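To start, the structure itself, in structure tokens.
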Amino acid sequence: KAGVTQTPRYLIKTRGQQVTLSCSPISGHRSVSWYQQTPGQGLQFLFEYFSETQRNKGNFPGRFSGRQFSNSRSEMNVSTLELGDSALYLCASSFDRVIGELFFGEGSRLTVL
Amino acid sequence: GDSVTQMEGPVTLSEEAFLTINCTYTATGYPSLFWYVQYPGEGLQLLLKATKADDKGSNKGFEATYRKETTSFHLEKGSVQVSDSAVYFCALGRPQRYSTLTFGKGTMLLVSP
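Chains A and B supply the protein sequences, listed in that same order.
For the working numbering, count along the first sequence from 1 and bump the result up by 29.
For the working numbering, count along the second sequence from 1 and bump the result up by 19.
What follows is the structure, encoded as structure tokens:
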């Protein structure tokens with residue numbers, strides 16, 4: 030079956046702009062989570078959605094937001110981009126109530142100039 | 020709060036050598052522990068997991084045992100292959116926070132023929 034699909038794969042933005050990243054989970058998965066991966070900080074949890082509701086949130090500023098649609102697809106948005114937002118943003122999907130068994134997409138690589 | 024510490028890489032080995040990647044954690048209670056692997060240009064994949072003390076997770080020749088007394092979950096493989104070259108992440112998860120994982124910084128493994 031198809032894996033987790035993230036779009037776009039690569040994008041370049043300038044400071045102050047905003048960006049929206051999209052994630053389509055594996056069919057049947059209703060939980061979607063987002064992670065930021067950087068060389069310095071490693072993998073950091075952003076947020077998790079289940080049934081269109083944010084269930085958990087990491088320690089990121091309010092410029093980072095997300096949502097989930099009724100078909101379980103998810104988007105995350107970063108407003109007022111900063112240079113430090115340059116990262117690989119990974120989306121993962123999973124069955125509900127299964128701890129830690131995540132299926133990751135290949136990520137969206139954001140470069141902020 | 021929860022934290023995961025991994026040995027820094029890169030770990031450089033010759034094919035058929037024995038592999039150990041150390042992972043220790045700081046957490047209260049009884050977390051679940053995971054190893055994920057990230058091959059170049061790909062998203063993370065779950066390699067193995069253990070959900071309680073003394074559990075041994077295994078997959079593709081890799082093993083790790085959940086040691087509560089030493090708060091460790093070291094990854095081992097008896098004979099590595101060039102195709103095992105990747106970045107390995109140790110992670111910790113909690114009940115009720117299904118998709119929220121705390122990751123270590125990752126350890127790069129390079130295997131030469």
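Cβ atoms here follow ideal geometry from the backbone N, Cα and C, with glycine treated the same way.
Being a predicted model, the structure only gives us computed values, none of them experimental.
The contact set of L119 of chain A on chain B, defined by CB atoms closer than 8 Å, consists of G62, L63 in chain order. Two segments are said to touch when three or more pairs of C-beta atoms, one from each, lie closer than 8 Å; by this definition the stretch 95-115 of chain A touches the stretch 57-69 of chain A. With respect to L50 of chain A, Y118 of chain A sits close: the two C-beta atoms are nearer than 7 Å.
Across the structure, R113 of chain B and E27 of chain B are spaced so that their CA atoms are roughly 25 Å apart. Neighbourhood of F53 of chain B in chain A, by CB distance below 7 Å: G129, in chain order.
In this structure, P50 of chain B lies away from V101 of chain B, with their beta-carbon atoms at least 7 Å apart. By the neighbour-count criterion, in which a residue is buried when 16 or more other Cβ atoms sit within 10 angstroms of its Cβ, T47 of chain B is exposed. Interface criterion met: the Cβ of S60 of chain A is under 7 Å from a Cβ in chain B. Bounds of the beta strand (DSSP E) holding Y107 of chain B are 105-113.
DSSP, reduced to helix, strand and coil, places L128 of chain B within a strand of the structure shown.
If you draw a straight line from the Cα of Y78 of chain A to the Cα of I55 of chain A, it comes to about 14 Å. Boundaries of the beta strand (DSSP E) harbouring I41 of chain A: 39-42, taken from the DSSP string.
Identification of chain A residues near F122 of chain B by a Cβ-Cβ cut-off of 7 Å yields G71, L72, ordered along the chain.
Taken through DSSP and simplified to helix, strand or coil, G76 of chain B comes out as strand. Short of 6 Å from the beta carbon of A72 of chain B, and not among the five residues preceding or following it, lie these beta carbons of its own chain, in chain order: Y85, K87. In chain order, V33, P54, I55, H58, V61, F132 place their CB closer than 6 Å to the CB of S122 of chain A, counting only its own chain and leaving out the 5 sequence neighbours on each side.
For the pair Q46 of chain A and K86 of chain A, the Cα-to-Cα distance works out to about 23 Å. Short of 6 Å from the beta carbon of S22 of chain B, and not among the five residues preceding or following it, lie these beta carbons of its own chain, in chain order: T45. Beta-bridge partners of Q83 of chain A (DSSP): A:Y78. Residue contact check for G112 of chain B against chain A: a CB pair falls below 7 Å.
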